[in-house]
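Structure first, then comments.
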């Protein structure tokens, strides 16, 4: 018996190097990753720590929406270059129980105090024809928090504070910054250094412009306080309470147009998804002002071409 075991182990050692460079054996060209398989649920994000947060919520008995909110809040902390409570949210949720799709548009409107005519006048002062990517003019009502609340009310199983707790913990204790986010983060001081607000104080390590490098541990206690307040008091803490008051005060002091009245009036919009059929598959997206309609149009165009006959990575494709 001992001799057989030795042979098996030796065989494994000899064979292993042949497979060390690949993760799959199917397909014309070897892929770099194997498929992820699971029995009870899956979470996919761009940051492993946020993915784990979502999985932990599922293991605690949370719904898919609970997991999505938890992961989204964590991404808002760990990817400040592209996510956050100051942004918008779009979601499509499938209810297996009802065999129904729900769509929610959590994007915010323009401030009531900024009319089309005034916008043109402000652009003229800047000698621009288009809205700049930074400053006060592109700011709309943040819709993410209200959409969290709406989704949670309809589909959540845990308390909202439970969904936000992992992001609060990471914000207080710190998290390692990933390489790609560190790269984009470094552009921040150049873009926002001359603008009002606490960007340098909040998003740099020294308060002067040094941004985190790959692997640096970053903390955001101010965001932790915000998320905890939302978890404890709900969406009204953001749109009607202390946070709304601070946003209003900042805008007044720095020439912004967003006001507390804009925040108080904000609501997300529930609606039906739009779809197209691509080679036998129904593909759903949210209607405009979301950009998913472009994906459906692209699929409709592609259906007119025989992509398989063109060959993978060919000049035609």
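In this note's numbering, the protein residues as written are 38 to 354.
Quick reminder that beta carbons are idealized off the backbone N, C-alpha and C, glycines included.
field: beta strand (DSSP E) segment containing residue 128, residue limits
entry: 126 to 132
query: So residue 104 packs on residue 91, CB below 8 Å; how close in whole Å?
result: 4 Å
message: Just verifying my parser: in three-state terms, what is the DSSP assignment at residue 313?
response: Looking at residue 313 - three-state DSSP - the assignment turns out to be strand.
Residue burial classification, residue 296 (beta-carbon count within 10 angstroms, cutoff 16): buried
- request: Grab the span of the alpha helix (DSSP H) containing residue 285 for me, first residue to last.
  value: 279 to 290
message: Helix, strand or coil for residue 140? Go by DSSP, reduced to three states.
response: strand
Residue 85 in three-state terms, based on DSSP: helix
query: Can you name, in chain order, every residue of its own chain whose Cβ lies under 6 Å from the Cβ of residue 201, other than the five neighbours on each side?
result: 110, 264 and 268
message: Please state the DSSP three-state secondary structure of residue 319.
response: strand
task: Check residue 263 in the structure and name its three-state DSSP category.
output: The DSSP-derived three-state label of residue 263 is helix.
task: Excluding the 5 residues preceding and the 5 following residue 99 in the sequence, name in chain order all residues of the same chain whose CB lies nearer than 8 Å to its CB.
output: 107, 193, 194, 195, 199 and 200
query: Is the region 300 to 311 close to the region 139 to 151, with three or more CB pairs under 8 Å?
result: yes
message: What residue range does the beta strand (DSSP E) around residue 306 cover?
response: 306 to 308
- request: Assign residue 254 to one of three DSSP states: helix, strand, or coil.
  value: strand
message: Please tell me whether, using a cut-off of 7 Å, the distance from the CB of residue 79 to the nearest non-hydrogen atom of the ligand NAP is below it.
response: In the structure shown, the ligand NAP is absent, as is every other ligand, since no ligand is present at all.
message: Relative to the C-alpha of residue 275, which candidate in 157, 185, 208 and 328 has its C-alpha closest?
response: 185
message: How far does the alpha helix (DSSP H) with residue 161 in it extend, from its first residue to its last?
response: 153 to 162
- prompt: What distance in whole Å lies between the Cβ atoms of residue 84 and residue 215, which are believed to be in contact at a cut-off of 8 Å?
  reply: Residue 215 to residue 84, Cβ: 7 Å. Contact.
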